[in-house]
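Going by the UniProt record's numbering, the first residue of the sequence shown is number 1, and it counts up by one from there. The beta-carbon is built from N, C-alpha and C at its ideal position, and this holds for glycine as well. These numbers come from a predicted model, not from an experiment. Written out below as structure tokens is the structure these notes cover.
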Amino acid sequence: MTTIVLAVRFLLEIVTVLGIFSGVFINRSIQSKIVSFFLSIVIVLLWARYGAPKSPNVLSGVNKFVLEIFVYGVGSIAFYKLFGDSIGTIYLSVVVVDLFFMYVLGLQGN
1 MTTIVLAVRF LLEIVTVLGI FSGVFINRSI QSKIVSFFLS IVIVLLWARY
51 GAPKSPNVLS GVNKFVLEIF VYGVGSIAFY KLFGDSIGTI YLSVVVVDLF
101 FMYVLGLQGN
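Next comes the structure, spelled out in structure tokens:
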């Protein structure tokens, strides 16, 4: 179970960034393309600096939870906007279930 939860977490991190970045190709307006590009870069930088388990600046406790809610919240909004209600709901459901198991099983590592 632990391996599955951690694998889903890793895939969520990748899918979140790629999903937001795909707005560069999906959006029609140049402003939306720019926002998608910079938002994906900001998410990568934030996660690498404060969310990655091996980072020297990794957050813990409530701060880590707030970072996760921010990253996955932005991802959820982007998925709803870019891919519609069905994909957005599936993404959000997977995020909620994975976060639940990460905390219940104590897999945060901090």
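| Alpha-carbon to alpha-carbon, residue 68 and residue 6 | As a first step, residue 6 must be located in the sequence shown, where it is residue number 6. As a first step, residue 68 must be located in the sequence shown, where it is residue number 68. One C-alpha to the other measures close to 14 Å.
| query | Could you give the distance in angstroms between the alpha-carbon of residue 39 and the alpha-carbon of residue 105? | reply | Along the sequence shown, read from residue 1 onward, the residue named residue 39 stands at position 39. Along the sequence shown, read from residue 1 onward, the residue named residue 105 stands at position 105. Taking the straight line joining both Cα atoms gives about 31 Å.
| said: Looking at residue 43: is its Cβ nearer than 8 Å to the Cβ of residue 71? | reply: Working through the sequence shown from its first residue, we reach residue 43 at position 43. Working through the sequence shown from its first residue, we reach residue 71 at position 71. Result yes, Cβ atoms of residue 43 and residue 71 sit closer than 8 Å.
| query | When burial is assigned at 16 or more other CB atoms within 10 Å of the CB, is residue 73 buried or exposed? | reply | One-based indexing of the sequence shown puts residue 73 at position 73. Exposed, since its Cβ has fewer than 16 Cβ neighbours within 10 Å.
| message | Looking at the secondary structure, which residues open and close the alpha helix (DSSP H) in which residue 11 lies? | response | Stepping through the sequence shown from its first residue, residue 11 is reached at position 11. Secondary structure note for residue 11: its alpha helix (DSSP H) is the uninterrupted segment 2-21.
| Would you call residue 12 buried or exposed, if buried means 16 or more other Cβ atoms sit within 10 Å of its Cβ? | Numbered from 1 along the sequence shown, position 12 holds the residue referred to as residue 12. Buried, by the Cβ-count rule.
| query | If you run the structure through DSSP and keep just helix, strand and coil, what is residue 66? | reply | On the sequence shown, residue 66 is found 66 positions in, with the first residue counted as 1. In this structure, residue 66 counts as helix in the three-state DSSP scheme.
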